[in-house]
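Here is the structure we will look at.
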Amino acid sequence: MGRRAARFDVALLGTVLLVTAIGLVMIYTATRGTLVGQGLPVGDALAVLKRQGIFVMMGLVAMLVLATQDYRRLEYVSYALYGLMVFALLAVLVPHIGSSALGSSRWFSVGPLQLQPSEFAVLAEILAVATYCSRRADGLAWRDVWRLLAMVGIPVLLVVKQPDMGTAIIMTVVLLVMLAVAGVPGRILLLLVLGALAVFFLALKAGVLHSYQISRLTTFIHQDSNNPSLQGAIYTLQQAKDAIGSGGMFGRGLLHGSATNLGYVPEQQTDFIFTAIGEQLGFVGGTAVLGLLGLLCWRVLRAAQVARDPFGRLLCAGIFTFLAYSTFQNASMTMGIMPITGIPLPFVSYGGSAALCFFAAVGVALSVGSRRSG
Amino acid sequence: MSRRIRWLGAVMLLCFALVLLQLANVQFRKAAALRNSPNNPRNFVKKFDNLRGDILAANGQVLAESVHAPKGSSYKYMRSYPAGPLFSQIVGINDPFYGAYTGIEQEYNSYLTAHSQSPKTLSQLLSPPPPTTDDVTLTLEPYLQQVAQQALAGISSANKDGAIVVLNPHTGAVLAMYSSPSYDPAPLANPDVAAEEKAGNAVFHSTDAEGFSGGLPMATYNRIFPGSTFKIVTTTAVYNLAPQLANFNYPVRPCTTPLPNSNKVICNDASSPQHAVACGGTIAQMLPPSCDPGYATLGMTIGPTDMVKQSELFGYNSVPPIDLPSAVSASYFPSVTQFQPQNLGLAGLAYSAFGQQNVQTTALQNALVAAAVANGGTIMTPHLMASIHDSNGPLVKSYQPTPWKQPMSAATAQTVNQLMQAVVTTPGATAYGVASNAGVSLASLHAAVKTGTAQTGLPTLYSIDDWMIGFAPANNPQVAVAVVVPYQPSNTYGATVAGPIMATMLQAALNPPPGQ
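Those sequence lines, one after another, are chains W and B.
All you need for the working numbering is the position in the first sequence, starting with 1, plus 5.
All you need for the working numbering is the position in the second sequence, starting with 1, plus 990.
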């Protein structure tokens, strides 16, 4: 136990706590102005922060519990968790069971709180894929690849149906990376990547996606377009860039960012939280947060490298991809170099299910790291 | 596996480097362009965060001012319009969110917003004074504006749309200009975007049953058939451009003979000869009873060239140069070519000569016609700004009256003035016996007027545009007034609907309450 405690990745834990603290401050600054503007006393402007605080506490508990447990036990329950996840994704589409908001059916309401099963779908996917791949000691054949594609394809289709394009994209990227780490030959990987891109473009052209989804996905390459159907997404992107651009080197200071205080950036506390960082903390703050998230990802990748078995290695590779891609995608979309999707910034964006999921993921990575070989 | 994990790390580094590069690009290279972008909300929020100068009525009453925004608001100041709908169409709004800047708020925006002061002393040259705002004082008299509002509200028919313009004929100062419908500017000054947008849509994108919008002042914007008030223009054309017709004499009869190249006849005050009242004689005999067939024939005799010339001398086909930035229309009189046989022909000119067919005018233009006669033949440039003072008191600018048009000689003006007096004083004339609802007669005010009862031709009960234009006292005119009340019941006349309002306005203008 003493040896395991000595191997506990304090840097990873500390980074998570630091980024979470920054996230809570940013959520407060991004919601305070709007809540006060609605006539609430300043004290009540903590409402959103308090709600997120509950999920952070729950997440910390989940992270520590998973970190102290042997991750290999997860292998026994991974398929059961996968089945539960598919069931939850089906159930959330059933009227009166799942609840809807902003045109999506993604949530279960539990009292005042809402749970989004698609956030946990990524974690369940990582567990199931890692379990399957680690049990193929001789490597993955085409047959295995087809099975994995079916295994991940079912929840991806259910997630697209909600619709939640962001999670579907992440699940696809996570699968491709895990297959690569699992040793799938390069030519097969190339075919898979090309296939995924073909499916994506077919979905764009075939009318499978809603028009607002297509607008959000294509706006970043038509940022100066006069096309009326793109104006909503262009407006959001414009406000996001205005906010970040006003930050300069050191930012305008906490609670001194007018775009943040006045709620100019739509969905700022969730998908566009990086704009609050850019405006209030500037280039220095934005770089620091990205650096911390990079450090966090690197520690997870390090855990993958030193994992004692393929299961642990694949778990950490999947978790790394989940965290790193979420960070890259989220920060990039606020600055117009990636499509706008509903992917949160890990440990920073407002959102209970996402927070729980990220903490749980790091808990698993901590467990793998503390039980490394050698 | 380890090699591929290392590759993963390399790809991550590349991605994060790309994000940092774009972060630097947005926060440094593109920062200025983003900061100055018209889409940047900060740029219009500044307008809410800065004080603007006051807009005042002639008596100093505050019509627009900047006040502290309510507690909890994100802005320092918001615009307040204490006089509400009474002045809103002239004062306008300053509404950055809706993107609407209208009226005086727009016209004198450069004075009302904070601007640098030019140094007046050596010390100010070395240490420039802080930016200041100016206050704009208007020519409008609040009590007259209120009388106009009440007069239109008191119209007996269900439709109370109308417009009243009161001018000082010697300076062009607008003393009152009120149109119904108007609008309440308060919701448009609300920094709450949703509330303001809803109010904006109600004001600028909706009309009443008659098609009038509160956001577009009828007095300056809507062109309406002038009816027989246009006979002042036709009469002026005779004395001014065709003096050989001064002794024109039209045989007394109910209707014209068939018009050139047409089988139509024009009958007096009726659509058919059976119901028409015979009229005729000299111009002096035709104007008081407003003899339509006589004026139709007179217009054809004057001819298209002089009729077009005279109407344009009065300002038709030109936008009056009043100091309002928008919603001011040019009144319309057809061109000479349009009276050629292949177009409207002389028959068209016959109708135009008494303000029917294609002639359309605004209340402001018709007030300027009356003002021209009242001012000895010169139309002064209509204006709303009287003076501009900086917020510390010193005068920045004051309005200097300037002529706009010279539609007639002083002698012609004198002649037309006397003819218009006869419209009030001659028994049987259209304005004979007309009085305000309070019983003050036009005659007792020594008014000179002309009535107008224009048939719109609409197959509805409310098909008449009622007019009266005039001035008083006739021998020393102090005010010129135009009253238009469109879409009134078909059994009404200019004298019966617009007449009492004219008497009310003249009485109020000539007898202001103490202290005004």
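Virtual Cβ for every residue (Gly too), placed ideally from N, Cα, C.
Taking each of A1400(B), M1375(B), H1436(B), A1376(B) in turn and checking the Cα distance to A1412(B), the smallest one comes out for H1436(B). Sequence-distant Cβ neighbours of A1362(B) in its own chain, meaning closer than 6 Å and more than five residues away, are I1369, P1397. Under the Cβ criterion of 8 Å, A309(W) is counted among the residues facing chain B. With the criterion set as a beta carbon lying under 9 Å from some beta carbon of chain W, the members of the segment 992-1004 of chain B are S992, R994, I995, R996, W997, L998, G999, V1001, M1002, L1003, in sequence order. The beta carbon of A1000(B) sits closer than 6 Å to none of the beta carbons in its chain outside the five residues before and after it.
In this structure, A1048(B) lies away from A1357(B), with their beta-carbon atoms at least 8 Å apart. L95(W) is outside the set of residues whose beta carbon lies under 8 Å from a beta carbon in chain B.
Under the DSSP assignment, Y137(W) falls in the alpha helix (DSSP H) whose first and last residues are 122-139. Straight through space, the alpha carbons of I1094(B) and S1301(B) are spaced by roughly 29 Å. Distance from the CA of G1162(B) to the CA of P1391(B), rounded to the nearest whole angstrom, comes to 7 Å. Of all residues in the segment 268-288 of chain W, only Y269, G283, G287, F288 come within less than 8 Å of chain B when Cβ atoms are compared, listed by chain position. Note that the segment 1145-1159 of chain B touches the segment 1466-1481 of chain B; at least 3 beta-carbon pairs, one per stretch, sit closer than 8 Å.
With the criterion set as a beta carbon lying under 7 Å from some beta carbon of chain B, the members of the segment 333-362 of chain W are F333, A336, S337, M340, I342, in sequence order.
Separation of I1083(B) and S1308(B) (C-alpha to C-alpha, rounded to the nearest whole angstrom) is 26 Å. For K166(W), the uninterrupted alpha helix (DSSP H) segment begins and ends at 147-166. In the three-state scheme derived from DSSP, where H, G and I count as helix and E and B as strand, F1202(B) is classed as coil. Taking L1231(B) as reference, the option from Y1133(B), L1496(B), A1401(B), F1461(B) with the minimal CA-CA separation is A1401(B).
Counted as a single uninterrupted DSSP element, the alpha helix (DSSP H) harbouring Q1140(B) occupies residues 1132-1143. Think of a sphere of 7 Å around the beta carbon of K1020(B): the chain W residues whose beta carbon falls inside it are G250, in chain order.
Taking the CA atoms as reference points, G158(W) sits about 25 Å from D276(W). In the three-state DSSP reduction, R12(W) falls in the helix class (H, G or I). Within 10 angstroms of the beta-carbon of W997(B) lie fewer than 16 other beta-carbons, which makes it exposed. Around K1387(B), the same chain offers I1378 as residues with beta carbons nearer than 6 Å, after the five sequence neighbours per side are excluded.
The beta carbon of N266(W) is closer than 6 Å to those of G38 in its chain, skipping five residues each way along the sequence.
Contact of A1185(B) with chain W by beta-carbon distance below 8 Å is absent, the smallest such distance being about 12 Å. For W303(W), the chain B residues whose Cβ falls inside 8 Å of its Cβ are G999, M1002, in order along the chain. In the displayed model, G250(W) falls within a helix according to three-state DSSP. Contact annotation: the segment 1196-1210 of chain B does not touch the segment 1099-1113 of chain B, with fewer than three C-beta pairs closer than 8 Å. In this structure T292(W) is in contact with L1010(B), their Cβ atoms being roughly 6 Å apart against a cut-off of 8 Å. Leaving aside the five residues that flank A93(W) on each side, the residues in its chain whose CB is nearer than 7 Å to its CB run, in chain order, P122.
Taking a Cβ-Cβ cut-off of 7 Å, the neighbours of A1014(B) in chain W comprise F288, given in sequence order.
By the neighbour-count definition (other C-beta atoms within 10 Å, threshold 16), R993(B) is an exposed residue. Secondary structure at E272(W): coil, using DSSP grouped into helix, strand and coil.
For W1457(B), the closest of D1296(B), G1217(B), V1156(B), L1496(B) by C-alpha to C-alpha distance is G1217(B). Ranked by Cα distance from D247(W), the options L361(W), V204(W), M340(W), Q218(W) are led by M340(W). The criterion of a C-beta distance shorter than 8 Å is not satisfied by P190(W) and V91(W).
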